[in-house]
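The letter at position 25 of the sequence shown is residue 25 when you use UniProt numbering, and the numbering goes up by one with no holes. Virtual Cβ for every residue (Gly too), placed ideally from N, Cα, C.
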Amino acid sequence: MELSNLGKFPLNGSPREIADYLECFDAWCISKNVRDDKIPAHFITAIGLDAYSLVKNLAFPDKPISMPYAKLRELLIDHFHVTTFETRERAQFNKLVRSPNQKIRDFILQLQIQASKCNFGDQLHTQLRDRLIAGINIPKLEKELIQIPSCTFQTAKDVCITYEDVNNEYSAPTTSMSDVMLSKVENTSGNGKQSKLPSTGNRMQREIKNIKPCFSCGKLHLRSTCRFRGAKCHKCGKVGHIKTVCRSSSTYVAQHSYNSPKLSSKMESMCLSTFQNTQANPTKTSTASSATQVSTVFKNEVAKLQCELSKARKDLNEMREQLNKIEELLHMHRLRLVNPEHTSTRESPAKLFKSRILKKHLMSTTSNVHYYKDNNYRPSVGIILQKMGNRVVKILDIKDHSVHNGHLDKVTINEIIQK
């Protein structure tokens with residue numbers, strides 16, 4: 001091996017790449033029987049100018065050419081050495097799981113690379129075996145590995161590689177019947193004559209000629225394997241084929257989720273007899289009389305439908321009234337839970353401000369009013385809380401919740417005061 005075959009020194013590489021380069025240089029020196037005093041010169045020549053500048057700075061004030069190779073090697077390893085956290089590396093090792101598309105050989109190599117950073121010591125092969133079995137991500141193969149007595153890493157590795165090789169051998173693509181039939185279609189010439197098939201035997205050619213398009217979808221394959229075998233046709237409504245190959249002349253009307261109004265039996269029989277009479281005696285007189293009868297029956301049916309519609313509307317209105325009553329009861333129940341201590345009549349604020357029903361029916365002396373507060377020119381809105389005399393009332397302002405006394409002559413009452 002020539003010295004140039006070592007390649008460029010990985011000046012920006014990882015510690016592992018530096019160690020690999022130094023090991024290759026050691027192997028080159030052994031293969032060339034280089035003397036120890038000549039190794040530094042060969043090493044400086046091999047690493048190049050940029051790496052030599054780095055070595056020169058690391059060896060300062062000594063010159064690299066005057067230092068032994070072992071010292072130069074140690075300087076480089078110490079410079080590129082990165083502190084590794086053993087706990088973190090082991091955690092990364094225990095998380096390794098083979099991805100579905102990853103080859104087993106690549107996964108084993110990934111395990112070994114990560115294990116070299118974990119300092120497992122005597123437990124190296126045990127940890128590799130356990131992680132290989134747990135992370136192989138093939139349940140069938142994992143079960144087989146667990147059943148092997150006294151399984152070692154080498155044994156598990158050989159079993160996994162053999163399993164992958166066998167699967168690759170037997171999963172190779174083969175020429176299927178559908179591929180042969182497809183080639184038959186492609187080889188058909190434009191004038192309708194079929195070109196010669198590949199030389200697969202006279203028997204195979206006869207079998208292909210006898211195969212007809214699938215009854216369910218029209219493609220060239222066996223009907224027993226067709227995915228449209230249980231499909232429902234959108235044209236005739238039958239099960240077993242699709243619309244593109246349907247031969248029926250009748251059209252199927254799909255059923256919708258809603259229920260359309262049905263005609264009475266009398267109207268159906270009338271329409272049927274009218275249609276039969278029209279077909280048997282296609283005269284103008286019979287056609288006119290039949291049309292009159294059908295029109296009468298239709299009017300009766302429309303009248304019945306209108307009655308049913310009015311009845312349904314009446315039921316809907318009754319249902320709305322019941323819902324309104326339930327809403328009022330719920331509203332009254334919620335009002336009882338509000339603290340009433342802030343009002344002069346010991347009624348809750350929600351009872352005074354929010355309930356449009358209780359203002360009229362539960363409080364006999366209350367009313368919505370407009371009044372002029374102090375010297376304001378704009379009227380304020382309030383609620384009468386209490387009568388102070390024949391013509392004086394106590395008013396609660398809705399906006400600022402203040403209480404004022406007002407004369408009835410200066411108050412505009414929106415609702416009649418109940419006495």
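In the assembly as shown, Pro40 is a buried residue. Its beta-carbon has 16 or more other beta-carbons within 10 Å. With a cut-off of 8 Å on Cβ pairs, the region 116-130 is in contact with the region 151-160, counting three or more such pairs. With contacts defined by Cβ atoms closer than 8 Å, Gln123 and Phe93 do not form a contacting pair. By a beta-carbon distance limit of 8 Å, Lys387 does not contact Asn405. Their separation comes to about 11 Å. Between Leu145 and Val159, the C-beta gap is smaller than 8 Å, which places the two residues in contact. With a minimum length of 3 residues, there is no unbroken run of beta strand (DSSP E) contained wholly in the region 88-134. The C-beta distance from Phe80 to Ile18 rounds to 5 Å, short enough to fall under 8 Å.
Proximity to Asn368 across Asp400, Thr412, Arg378 peaks at Thr412, based on C-alpha coordinates.
The region 63-77 makes contact with the region 37-52, as at least three CB pairs between them are under 8 Å. Here DSSP, grouped into helix, strand and coil, assigns Leu54 to helix. Distance from Val245 to Cys217 at the Cβ level is roughly 6 Å; contact confirmed, criterion being Cβ atoms closer than 8 Å. Ile161 and Asp20 have their alpha carbons spaced roughly 27 Å apart.
Here the alpha carbon of Ala59 sits roughly 12 Å from the alpha carbon of Ala51.
Note on geometry: alpha-carbon atoms of Phe107 and Phe9 lie some 28 Å from one another.
A direct Cα-to-Cα measurement between Ser248 and His241 gives close to 11 Å. Each of Tyr372, Leu385, Asn324, Arg378 was checked against the Cα of Lys410, and the nearest Cα belongs to Tyr372. DSSP places Lys140 within a helical segment (H, G or I) once states are collapsed to three. Ile30 is classed as exposed because its beta carbon has fewer than 16 other beta carbons within 10 Å across all chains shown. Rounded to whole angstroms, Ser116 and Leu76 show a C-alpha spacing of 20 Å. For Val393, no alpha helix (DSSP H) run applies; the uninterrupted beta strand (DSSP E) run containing it begins and ends at 392-397, by DSSP. In the DSSP assignment, Ser380 is bridged to Tyr371. The three-state reading of DSSP puts Asn405 in strand, counting E and B together. Residue environment for Arg98: buried (at least 16 other C-beta atoms within 10 angstroms of its C-beta).
Distances from the alpha-carbon of Leu6 to those of Thr45, Ser14, Ala312 put Thr45 closest.
Going by beta carbons, Arg90 and Cys118 fall inside the 8 Å limit. Rounded to the nearest whole angstrom, the CA to CA distance from Lys243 to Arg223 is 16 Å. Annotation: Val392 to Leu385 spans about 11 Å, alpha carbon to alpha carbon. Only residues of its own chain outside the window of five on either side were considered, and among them Leu141 have a CB closer than 7 Å to the CB of Tyr163, listed in chain order.
Rounded to the nearest angstrom, the gap between the Cα atoms of Leu305 and Phe215 is 46 Å. Where Val411 is concerned, the enclosing beta strand (DSSP E) starts and stops at 411-413.
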